[in-house]
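Positions in the sequence shown are counted from 1; adding 2 to them yields my numbering.
What follows is a set of notes on a single structure, which appears directly below.
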Amino acid sequence: MAEATSHAIWQRNNDGEFVIAGKALSEVIEAVGATPCYLYDRQRIATRSRELRARLPESVQLHYAVKANPMPALVCQMAALVDGLDVASAGELRIALDSSMDPAKISFAGPGKSDRELQQAHAAGILVNLESFREIDVLVRASAQTGKAARVAIRVNLPFELKASGMKMSGGARPFGIDAERVPEMLDQIRDCGLAFEGFHLFAGSQNLKAEAIVDAQTRCYELVLGWLDRCPSPAKLINLGGGFGIPYTIRDTPLDVGAITDNLGILADRARRDMPTAKLAIELGRYLVGEAGIYVARVIDRKLSHDQVFLIVDGGMHHHLAASGNLGQVMRRNYPLAINRITPQKEIASICGPLCTPLDLLADRAELDVAEAGDLVVIFQSGAYGRSASPRGFLSHPDVLEALV
Ligand SMILES: *Cc1c(COP(=O)(O)O)cnc(C)c1O
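Below is the structure:
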C-alpha cells in the first residue's frame with residue numbers, strides 16, 4: 003500500500019495531517035490560497051543538494067537541469083546550492099539569468115535551438131552545447147557581430163545506451179547531439195571558425211536507479227572524451243558527464259546507491275587531473291535534486307460508487323500532473339505514492355480521478371487509502387520534478403495549478 007513507499011519520509015502530525023515546512027498541510031493550503039497546488043519544501047531541496055555536494059569530489063561540479071522544475075523561486079534557491087544551471091530553451095534561460103547564477107556557469111542544450119535563441123545565449127555569455135553544424139554557422143555570425151567568440155561545447159550522441167534507463171536519450175539514431183563519429187569533424191570546424199571551445203556534454207538518459215549502469219556510462223563517456231583530446235582546438239575546460247540519477251516511485255523501486263557513483267566520480271576526477279589538467283568534470287541533475295521535495299495536492303470534489311468500486315473525483319488531474327497519470331512516457335502505468343491527508347480507522351480501495359472527461363485522467367488506480375470524503379485533501383508524493391511544466395495545462399480548459407515554495 004502507498005503508506006510503505008518512499009513518502010514515508012513525510013510525517014503526519016497528531017491529527018493525521020501531513021506536515022510540510024513545520025505546518026499542517028491544511029494550514030499551508032490556506033496560506034497558498036487554493037487547491038490544486040504543488041508545494042516544494044525548501045528545506046528538503048537544500049538538504050538533498052548539500053548531501054550530494056558533500057559526497058562529490060571537490061573538483062566535480064554539480065549542475066541543476068532547470069527542465070525538471072523551472073519555477074523561478076525554486077531556480078533561485080537552486081542557484082545558491084549548485085555550481086551551474088543547465089537550460090533547454092530561451093524561456094528557461096531567462097529564468098536562470100534572473101537567478102544569482104553567474105551567466106558564465108549557465109549552459110544551454112536542446113536539439114532545436116532557434117537562431118534567436120542562439121543569439122540570445124551568445125549575448126548572455128553562456129555556454130552553448132552544440133547539437134548541429136547549423137548552430138555553428140549561427141554562432142559564427144553572432145560572434146562576428148559582437149566581436150566576441152561564442153562559447154561552445156559539443157553535445158555528443160553517445161555510441162551506447164544508458165542501460166536500465168527510464169528514458170533513453172542516447173545510442174543509435176537520435177535527434178540529440180552530434181553522433182560520436184562526427185565529433186572530430188566538428189572539432190576541426192570549431193577551430194577553423196574561431197569559436198571558443200570549452201568541452202563536451204554527454205547525457206545518456208534519465209530516471210535510472212541502477213548505480214552500476216550510471217557508473218558504467220560515466221566511465222565510458224570519460225574514455226570517449228580521451229580519444230578526442232588531441233583534436234580539441236584548445237584544452238577542454240568542462241566535461242559534463244550528464245546524470246540520469248533516478249528516484250523511487252513505488253515500493254519495488256530501490257533508491258539509487260549514490261555512493262557508488264560518487265566513488266567512481268572520484269576515480270574519474272583523479273584520472274582527469276593527469277589526462278586533462280585544465281578540465282573540470284560536471285554532472286547535471288534535475289529529478290534527483292528536486293523530485294522528492296515536492297508534493298501535489300488536490301481536493302476531493304465527489305465520492306462515487308460504480309459497480310462497488312470507489313471513485314474519488316478530485317479538483318486536479320493529468321492536466322497538472324501528467325506523469326502521475328502515467329501518460330508521460332511510462333511503459334507501464336503504476337500509481338505514484340499517494341495518501342489522504344487524514345487517518346481513518348478503516349482503509350478502503352479507491353481510485354482517484356481528475357475532473358477531465360477522459361479515462362486518461364486517472365491519478366490512482368485502486369489504491370489502498372484512508373476513507374476520504376468530499377473536501378479531503380489527496381497528496382501525491384515524489385512530485386517535485388516533471389510536474390506542472392510537463393503537463394498539458396490547457397487540456398479541457400480547467401483552471402491552472404498553483405505552486406509554492408514553502
Ligand atoms: C532532461 C535532461 C536533464 C535532467 O535529467 P534528470 O533525469 O531530471 O536528471 C539533464 N540534462 C539534459 C541534457 C536533459 O535533457
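For every residue, glycine included, the Cβ atom is placed at its ideal position computed from N, Cα and C.
In this text, all values refer to a predicted model and were calculated from it rather than measured experimentally.
Exercise. For Leu129 versus Ala155, is the C-beta distance shorter than 7 Å?
Worked result: yes
If we ignore side chains and look at the alpha-carbon of each, how far apart do Ala206 and Pro177 end up?
13 Å
Practice prompt. Report the three-state DSSP secondary structure of Ser353 (helix, strand or coil).
Written response: strand
Using a C-beta cutoff of 7 Å, does Met80 count as contacting chain C? Protein chains in the displayed structure number just one, and chain C is not present.
Next on the checklist: Counting beta carbon pairs with one atom in the region 284-295 and one in the region 235-246, are three or more of them shorter than 8 Å?
Outcome noted: yes
If you draw a straight line from the C-alpha of Val373 to the C-alpha of Lys349, how long is it? 6 Å
Exercise. Does DSSP put Lys306 in a helix, a strand or coil?
Worked result: strand
Next item on the list: Identify which residue in Leu120, Leu27, Ala56 has its Cα closest to the Cα of Gly112.
Entry: Leu120
Item to check | Endpoints, beta strand (DSSP E) assigned at Arg368 | outcome: 364-372
Under 7 Å between the Cβ atoms of Tyr42 and Gly296? yes
Beta-carbon separation of Ile342 and Asp304 under 7 Å?
no
| Cα-Cα separation between Gly356 and Pro250, rounded to whole angstroms | 24 Å
Discussion item. When you measure from the CB of Arg390 to every non-hydrogen atom of ligand 1, does any distance come out below 6 Å?
Written reply: no
Review point. CB of Gly288 to nearest heavy atom of ligand 1: below 6 Å?
Key: yes
- Task: Use the C-beta contact count for Gln220: other C-beta atoms within 10 angstroms, 16 or more gives buried, fewer gives exposed.
- Result: buried
Top-ranked residue by Cα proximity to Ser134, from His124, Asp104, Asn159: Asn159
Apart from the five residues just before and just after Val312, which ones in its own chain have a Cβ nearer than 8 Å to its Cβ? Arg305, Lys306, Glu350, Ile351, Ala352, Ser353
TODO: Pick helix, strand or coil for Gln191, following the three-state DSSP scheme.
DONE: helix
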